[in-house]
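Trainee:
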Amino acid sequence: MKAQQDQLVIYNTLKGEKEPFIPLVEGKVGMYVCGPTLYSEPHMGNMRTFINFDLIYRYLLHLGFEVKYVRNITDAGHITNSAGQEVDSIGAAAKAEQLQSLEIVYKYAVKFQELQRIYNMLPPSIEPTATQHIQEQIEIIEQIIANGYAYEVNGSVYFDTRRYMQDYNYGILSGRKVDELENETRTLNAQDEKRFFADFALWKKANPDDMQIWRSPWGNGNPGWHIECTAMSTKYLGKQFDIHGGGMDLKFPHHEDEIAQSCGSFGCNPARYWMHANMLNVNGQKMSKSFGNYFLPKQILEGSTGLFEKSYSANVVRFFMMQAHYRSNLDFTQDALNAAEKGLSKLTDAVATLERLEAKETSSFDVPALVQSFYKAMNDDFNAPILVANLFEATRLINLVNDGKEQISAPDLALLKEKIAVFVFDVLGLQKEAAGAESRLVPVMELVLDLRGQARTNKDWTTSDQIRDGLAKAGIVVKDGKEGTTWS
RNA sequence: GGUCUCAUGGCCGAGCGGUUAGGCACCGGUCUGCAAAACCGUCUACAGCAGUUCGAAUCUGCUUGAGACCUCCA
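This is how it looks when you write it as structure tokens:
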């Protein structure tokens, strides 16, 4: 696996290009991914990012890296809205639902956990929350002030962007130039306490109606949104670690400000590799809460999105996402989901066929090269769609062996079985299809199909077809294959 | 308005200068009592216009169109 580790190349947003992945400590990876803000149930678009980083996590694990994967849960923090006001979105949701802030967070955290299980995502090593790390956030803010990159005004603390720019490059990640921003962004309004439009809040003085308030050296208040990630990543992964990930939409200002906070407090960019997952689209437009074009993962499973005629399993949705690269947009359409459903079925059928194959003396095709193509795809910036294409090539060959048109040796067969299982289940995170049917139905179907089999033996096609048509009405499809009749 | 990204066959979606991406659909075939399913095969596209090159989907310029960020967002 070490040899494969050395082949891994990652697209680093910081550099704008792919680079060989060299961890700070050989064989170990520290990875931080910005998690959800739990003021509502995560929608399918949110899930895409987490599923993509789950893929990355899984592949790093398969390569034998010892990975510490930290993904936070935002359960506090003030953000700046379009009107330039500092807003507590969780507090707002709490008021709307007439619950306490922590009730809101807990309610949606439970749902998020459930979704992670359904979509077969491995749990991160740690899922820290912002509210558990207020002290760490305060300490970092104090450090930034001590270093001269932040100032206090009336119980709030702001990052001093102009001062920071004298020593560091603000915009290093997003490519933004502050002087360009200046003309285009909202201007300071009269009651604004910031010295400069690009300054951002590290700590915000409490409002009388705030639901959550913490003590600080600057009085009672709330942390800013960006500082929590700096505090938690530093605490669990150190001042510098390997990979920082998140959605494309967090690049600016969230990640840019994280870099500023880390540089402003510890003097270094927190992560060597910044990775950004692209958005999930609906009709060519980003799925988002504010556009209203979103739907919930549960609605896909239930077929209640209102957009599609039928439901799709979590496995199908996951496979669908694996057919697009994590850095590309992906359009969520019914045709595409149907195609994924059929394709997945073809792939899982071949996985089952593989178990039944019989080995011959020699192989008629290059199995090690085929297996190597799986690694080559994933080593190239986690190119899952290429991996899937190569798995379909394997599928074709498996079927040809099954038909006796190709042959495979015993060692090659063992290798292929092992690696197909690794890439389909461990890396892509697809699940073996559950039996699906109710257990009581199984003996009933055995009986019915046995009777139909007798009719067929007697060439009593009328009875045989009557049974088949009747079952079809109940949604059960009967298939007559070479090795007997199956149903689903 | 600024910054940036992208435009691929009926649909989704890889591709980073020369090789069939792949899946779905369509079509042809095998199998089958019929059907369905399954399997095999076929289908050669890169928004437009110029340019660079022996050679361009891939590089450059322009045009057109779409999207993202600039405000919370995964």
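Under the numbering used here, think of the first position of the first sequence as 78, with each following residue one higher.
Cβ coordinates follow ideal geometry from the N, Cα and C atoms, glycine included.
As the structure is a prediction and not an experimental result, all values here were calculated from the model.
1) In the DSSP assignment, find the unbroken alpha helix (DSSP H) run with Arg473 in it and report its ends.
2) In whole angstroms, what is the alpha-carbon distance linking Ser342 and Phe385?
3) For Lys494, tell me which candidate among Glu174, Ile167, Ser388, Arg433 has the shortest Cα-Cα distance.
4) Could you spell out where the beta strand (DSSP E) holding Phe318 opens and where it closes?
5) Leaving out five residues on either side along the sequence, give the residues of the same chain with a beta carbon under 8 Å from the beta carbon of Leu132.
6) Here's a check: name, in chain order, each residue in its chain whose Cβ is nearer than 6 Å to the Cβ of Gln82, leaving out the five neighbours to either side.
7) May I have the straight-line CA-CA distance separating Asp546 from Ile553, to the nearest angstrom?
8) Specify whether the segment 366-376 and the segment 162-174 touch according to this definition: at least 3 beta carbon pairs, one from each stretch, less than 8 Å apart.
9) Distance check for Gly248 and Gly93, CA to CA, integer angstroms please.
10) Which whole-angstrom value describes the C-beta separation of Ala354 and Arg125, a residue pair presumed to lie in contact below a C-beta threshold of 8 Å?
11) For Leu493, which beta-bridge partners are listed by DSSP?
12) In the structure shown, what three-state DSSP assignment does Gln411 receive?
13) Taking the alpha-carbon positions, what's the Ser293 to Leu421 distance?
14) By Cβ distance, which residues of its chain are closer than 8 Å to Leu566, with the 5 residues on each side in sequence left out?
15) I need the straight-line Cα distance from Gln484 to Leu115, nearest angstrom please.
16) Hey, Asn476 and Thr430 are a contact pair by Cβ (cut 8 Å); roughly how many whole angstroms apart?
17) Please name the residue, chosen from Leu279, Lys550, Ser388, Gly225, that lies closest to Asn299 on a Cα-to-Cα basis.
18) Figure out for me which residue from Glu163, Ala549, Ala532 has the closest Cα to the Cα of Glu270.
19) Say yes only if the C-beta of Glu379 is nearer than 8 Å to one or more non-hydrogen atoms of the ligand ATP, and no if none qualify.
20) Are Phe127 and Val110 close, meaning C-beta to C-beta below 9 Å?
21) Please report the straight-line C-alpha distance between Pro567 and Glu523, rounded to a whole angstrom.
22) Quick test of the definition: if touching needs 3 or more C-beta pairs under 8 Å, does the segment 409-420 touch the segment 379-393?
23) Just to confirm my understanding: we take Asp287, look at its own chain, exclude 5 residues before and 5 after, and list those with CB closer than 7 Å. What are they?
24) Between Ile463 and Ala80, what straight-line distance do the alpha-carbon atoms span, to the nearest angstrom?
25) Count the other CB atoms, across all protein chains shown, that sit within 10 Å of the CB of Lys387; report buried if there are 16 or more and exposed otherwise.
26) Based on DSSP bridge pairs, tell me the residues matched to Val144.
27) Classify Glu174 as buried or exposed, calling it buried when 16 or more other Cβ atoms lie within 10 Å of its own Cβ.
28) Assuming the contact rule is C-beta atoms closer than 8 Å, Cys345 and Gln317 should be a hit. Round their C-beta distance to whole Å, please.
29) Tell me the residue span of the alpha helix (DSSP H) that contains Val234.
30) For the segment 412-460, which segments carrying the beta strand (DSSP E) assignment without a break, of at least 3 residues, lie completely within its bounds, in sequence order?
31) To the nearest whole angstrom, what separates the beta carbons of Pro100 and Asn149, a pair I think is in contact under 8 Å?
32) Evaluate Ser381 with the Cβ neighbour count: other Cβ atoms within 10 Å of its Cβ, from every protein chain shown; 16 or more gives buried, anything less gives exposed.
33) By Cβ distance below 7 Å, which residues in the same chain neighbour Asp557 in space, the five residues on each side in sequence not counted?
34) Using 9 Å as the threshold, is the C-beta distance between Gly324 and His155 below it?
35) Val457 to Met198, Cα distance in whole Å?
36) For Asn358, which residues does DSSP report across the bridge?
Mentor: Let me lay it out:
1) Position 396 of the first sequence, counting from 1, holds the residue named residue 473. Where Arg473 is concerned, the enclosing alpha helix (DSSP H) stretches over 461-479.
2) Residue numbering aside, residue 342 sits at position 265 when the first sequence is read from its first letter. Residue numbering aside, residue 385 sits at position 308 when the first sequence is read from its first letter. Cα to Cα, the separation comes out at about 49 Å.
3) Residue mapping note: residue 494 aligns to position 417 of the first sequence, counting from 1. If we check each option's Cα against that of Lys494, Arg433 comes out closest.
4) Counting from 1 along the first sequence, the entry for residue 318 is found at position 241. Element bounds for Phe318: 318-324.
5) Here residue 132 refers to the residue found at position 55 when the first sequence is read from its first residue. Result list for Leu132: Met399, Tyr403, Phe459, Ala461, Val504, Leu505, Gly506, in chain order.
6) Counting from 1 along the first sequence, the entry for residue 82 is found at position 5. If we look at Gln82 and ignore the five residues flanking it on each side, its Cβ neighbours are Leu140.
7) What you label residue 546 is simply residue 469 of the first sequence in a count that begins at 1. What you label residue 553 is simply residue 476 of the first sequence in a count that begins at 1. Computed Cα separation, rounded: 9 Å.
8) no
9) Counting from 1 along the first sequence, the entry for residue 93 is found at position 16. Counting from 1 along the first sequence, the entry for residue 248 is found at position 171. When rounded, the distance between both Cα atoms is 13 Å.
10) Reading the first sequence from its first residue, position 277 is the one you call residue 354. Reading the first sequence from its first residue, position 48 is the one you call residue 125. Yes, Ala354 and Arg125 are in contact; Cβ-Cβ is about 7 Å, under 8 Å.
11) Within the first sequence, residue 493 is the residue found at index 416, counting from 1. Answer is none; Leu493 lacks a bridge partner.
12) Your numbering for residue 411 matches position 334 in the first sequence. If DSSP states are grouped into helix, strand and coil, Gln411 belongs with the helices.
13) Within the first sequence, residue 293 is the residue found at index 216, counting from 1. Within the first sequence, residue 421 is the residue found at index 344, counting from 1. So the alpha carbons of these two residues sit roughly 54 Å apart.
14) Any property of residue 566 remains undetermined from this structure, which presents the chain solely from 78 to 565.
15) Along the first sequence, one-based indexing puts residue 484 at 407. Along the first sequence, one-based indexing puts residue 115 at 38. Taking the straight line from one Cα to the other gives about 53 Å.
16) Looking up residue 476 in the first sequence gives position 399. Looking up residue 430 in the first sequence gives position 353. Sure, about 7 Å apart at Cβ, within 8 Å.
17) By 1-based counting over the first sequence, the position of residue 299 is 222. Nearest C-alpha to Asn299: Leu279.
18) Along the first sequence, one-based indexing puts residue 270 at 193. Cα-wise, what sits closest to Glu270 is Glu163.
19) Annotation note on the ligand ATP: not contained in the displayed structure, which lists no ligands.
20) Taking the first residue of the first sequence as 1, we reach residue 127 at position 50. Taking the first residue of the first sequence as 1, we reach residue 110 at position 33. Taking 9 Å as the Cβ cut-off, Phe127 and Val110 qualify as a contacting pair.
21) Any answer about residue 567 is impossible in this case: the structure gives the chain only from 78 up to 565.
22) yes
23) The residue labelled residue 287 in the question sits at position 210 within the first sequence. Taken in chain order, the residues that qualify are Asp165, Gly168, Asn299.
24) Looking up residue 463 in the first sequence gives position 386. Looking up residue 80 in the first sequence gives position 3. Ile463 and Ala80: Cα-Cα distance of roughly 20 Å.
25) Taking the first residue of the first sequence as position 1, residue 387 is located at position 310. Under this definition Lys387 is an exposed residue.
26) As a first step, residue 144 must be located in the first sequence, where it is residue number 67. Paired residues: Val106.
27) Your numbering for residue 174 matches position 97 in the first sequence. Its Cβ having fewer than 16 others within 10 Å, Glu174 is exposed.
28) Start at 1 with the first residue of the first sequence, and residue 345 comes out as number 268. Start at 1 with the first residue of the first sequence, and residue 317 comes out as number 240. Yes, Cys345 and Gln317 are in contact; Cβ-Cβ is about 5 Å, under 8 Å.
29) In the first sequence, the residue the question calls residue 234 occupies position 157. No alpha helix (DSSP H) contains Val234, which is instead part of the beta strand (DSSP E) from 233-236.
30) none
31) Stepping through the first sequence from its first residue, residue 100 is reached at position 23. Stepping through the first sequence from its first residue, residue 149 is reached at position 72. Contact doesn't hold; Cβ gap of about 21 Å is too wide.
32) As a working mapping, residue 381 is identified with position 304 in the first sequence. Label assigned to Ser381: exposed.
33) Position 480 of the first sequence, counting from 1, holds the residue named residue 557. Cβ neighbours of Asp557 beyond the five flanking positions: none.
34) Taking the first sequence and counting its residues from 1, one reaches residue 324 at position 247. Taking the first sequence and counting its residues from 1, one reaches residue 155 at position 78. No, these two residues do not count as a Cβ contact at 9 Å.
35) Position 380 of the first sequence, counted from the first residue, corresponds to residue 457. Position 121 of the first sequence, counted from the first residue, corresponds to residue 198. Before going further, note that residue 457 is Asp rather than Val in the sequence given. Taking the straight line from one Cα to the other gives about 22 Å.
36) Sequence index remark: in the first sequence, residue 358 carries index 281 (1-based). Lys363, Asp408.
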